[in-house]
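In this note's numbering, the protein residues as written are 1 to 107. In what follows, a single structure is set out as structure tokens and then discussed.
The following block contains the structure:
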């Protein structure tokens, strides 16, 4: 049985979302000085959404995080038109996974 990294991605993201939900329901608003849920033009937090966002799970035009999604995204798992990350998905993607996928496809 072959192990594919993209199979693990969904499980990790679901776990992080459940963790954020648990923290929110418990009434915990900050972790290590950062908001659990952050939104705005520039957002920094565990779950961050905004034009410029930094967080474990971040989304926005310019996003940086462990899991980043946006037009310009940088992260371990990055999804966007221009994305840089170890596992990177996008039209212009740079990263180990993007290169590995390209090599597999061209054989």
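Yeah, the Cβ is synthetic: ideal placement off N, Cα and C, and Gly gets one too.
Terminal residues of the beta strand (DSSP E) in which residue i lies
{"i": "residue 76", "result": "72-79"}
Bridge-paired residues (DSSP) for residue i
{"i": "residue 92", "result": "82"}
{"i": "residue 30", "result": "35"}
{"i": "residue 54", "result": "44, 64"}
{"i": "residue 69", "result": "59, 79"}
{"i": "residue 49", "result": "39, 59"}
Given residue i as reference, the closest of the options once Cα atoms are compared
{"i": "residue 14", "options": "41, 56, 51, 61", "result": "56"}
{"i": "residue 76", "options": "60, 31, 87", "result": "87"}
{"i": "residue 61", "options": "96, 67, 72", "result": "72"}
{"i": "residue 84", "options": "74, 18, 91", "result": "74"}
{"i": "residue 40", "options": "93, 96, 78, 63", "result": "63"}
Neighbourhood of residue i by C-beta distance below 8 Å, restricted to the same chain and skipping five residues each side
{"i": "residue 42", "result": "50, 51, 52, 53"}
{"i": "residue 59", "result": "48, 49, 53, 68, 69, 70"}
{"i": "residue 33", "result": "none"}
{"i": "residue 28", "result": "36"}
Residues near residue i in its chain [Cβ-Cβ closer than 6 Å; skip 5 each side]
{"i": "residue 37", "result": "47"}
{"i": "residue 98", "result": "88"}
{"i": "residue 90", "result": "80, 81, 83"}
{"i": "residue 66", "result": "56, 75, 76"}
Close beta carbons around residue i, own chain, < 7 Å, minus the five adjacent residues each side
{"i": "residue 24", "result": "36, 37"}
{"i": "residue 45", "result": "34, 35, 36, 37, 38, 55"}
{"i": "residue 93", "result": "83"}
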